[in-house]
Amino acid sequence: MLLHRRLEACTACPSMHGPVVHGPPIVTPVLLVGQAPGPREGAFGRPFAWTAGKTLFRWFEAAAGVSEQEFRDSVYMSAVARCFPGKAGGKGDRKPDRDEMARCQQFLAGEVDILRPRLVIPVGGVAIEQVLGHKGPLAEVIGETLRVRWHGVDVDAICLPHPSGVSTWHHVEPGRTLLPRALDLIARHPAFVAAFAPTSPPGRRARAGAA
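Here you go:
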């Protein structure tokens, strides 16, 4: 909760639009990392609360049989940036710039240190680059389980494309083939299975003073 209080008090990025958005402080071996909240998430007070979220949760329901609420109760949802960056010149939202992402790294690193996740799910090119350092085509990393050391923790990373309505990558090849493969890898990963096991009560709160 201490980390969340620090996060909510942050005003370091003048071009970002608050409020800060983050998920509840649950303890889980699975960490999902998005790009940044959209224009609607602040009003709802939770990540992936609008159109992209509907697509994302539909993917997981089809692949793993878990509802949106079950997912939110069992997977910690983070992001490279925690405030809405604003609109880009054309369609879609502006990507957070290097300085904005760098300022948010302390919070992401703190979450990794607290959770010590066994599985990280980077969603979209910006998050994939942050976790893997990968700047190439999505087809080079999606559909694989990749072992990485990230913020001092050895984790498996299974990447997903961004579920934004402006992205067509997952509608055409190779995305149409690679997306189901990646979702299947996530659904069968031991950390994901453990997060949804009946012996793991949903909504477990992080230890006092941590998240």
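If you count the sequence shown from 1, position 150 lands on 150 in the UniProt record's numbering, and the numbers rise without skipping. No residue lacks a Cβ here, since even glycine has one placed at the ideal position from N, Cα and C.
Secondary structure of residue i, DSSP reduced to three states
{"i": "residue 228", "result": "Because residue 228 is not part of the residues shown, which for the chain are 1 to 211, the question remains open."}
{"i": "ILE26", "result": "strand"}
{"i": "GLY53", "result": "helix"}
{"i": "PRO198", "result": "coil"}
{"i": "CYS104", "result": "helix"}
{"i": "GLY38", "result": "coil"}
Residue(s) in a DSSP beta bridge with residue i
{"i": "HIS17", "result": "PHE84"}
{"i": "ASP93", "result": "LYS87"}
{"i": "ARG147", "result": "ASP156"}
{"i": "VAL166", "result": "Bridge partners of VAL166: none, in fact."}
{"i": "LEU31", "result": "TYR76 and VAL120"}
Spatial distance of residue i from residue j (CA atoms)
{"i": "SER15", "j": "PHE84", "result": "9 Å"}
{"i": "ALA52", "j": "GLU70", "result": "17 Å"}
{"i": "GLY143", "j": "SER164", "result": "19 Å"}
{"i": "VAL141", "j": "ILE114", "result": "26 Å"}
{"i": "ALA194", "j": "VAL27", "result": "12 Å"}
{"i": "LYS91", "j": "ILE158", "result": "28 Å"}
{"i": "ARG82", "j": "PHE57", "result": "20 Å"}
{"i": "ARG6", "j": "ARG98", "result": "21 Å"}
{"i": "ARG103", "j": "ALA12", "result": "7 Å"}
{"i": "GLU173", "j": "HIS4", "result": "40 Å"}
{"i": "residue 233", "j": "VAL166", "result": "Only positions 1 to 211 of the chain appear in this structure, which leaves residue 233 out of reach."}
{"i": "GLY203", "j": "SER67", "result": "Caution applies to GLY203, whose pLDDT of 49 falls short of 50 and renders its modelled position unreliable; the value that the coordinates give is listed next. Rounded to whole angstroms, GLY203 to SER67 spans 14 Å at the Cα level."}
{"i": "ALA88", "j": "PRO25", "result": "31 Å"}
{"i": "PHE196", "j": "ARG181", "result": "20 Å"}
When the options are compared against residue i, the one with the closest alpha-carbon
{"i": "ASP93", "options": "HIS162, GLY133 and VAL193", "result": "HIS162"}
{"i": "residue 263", "options": "HIS134, ALA139 and VAL166", "result": "Past the edges of the chain, shown from 1 to 211, lies residue 263, and the structure says nothing about it."}
{"i": "PHE107", "options": "PHE196, HIS22, GLU61 and VAL193", "result": "HIS22"}
{"i": "ALA36", "options": "ASP113, VAL193, PRO122 and LEU179", "result": "PRO122"}
{"i": "GLU61", "options": "THR11, ALA195, PRO198 and ALA187", "result": "ALA187"}
{"i": "LEU119", "options": "GLY38, ALA191, LYS54 and PHE44", "result": "ALA191"}
{"i": "VAL75", "options": "GLU100, VAL112 and LEU132", "result": "VAL112"}
{"i": "LEU32", "options": "LEU179, THR168 and PRO47", "result": "PRO47"}
{"i": "GLY34", "options": "THR168, ALA9, GLY65 and LYS95", "result": "LYS95"}
Whole-Å CB distance - residue i paired with residue j, under 8 Å assumed
{"i": "LEU183", "j": "ALA79", "result": "LEU183 to ALA79, Cβ: 20 Å. No contact."}
{"i": "GLY42", "j": "GLY18", "result": "7 Å"}
{"i": "ARG116", "j": "VAL153", "result": "6 Å"}
{"i": "ALA109", "j": "HIS171", "result": "About 34 Å; that fails the 8 Å criterion."}
{"i": "THR145", "j": "LEU179", "result": "Actually they do not touch by this definition, with Cβ atoms about 15 Å apart."}
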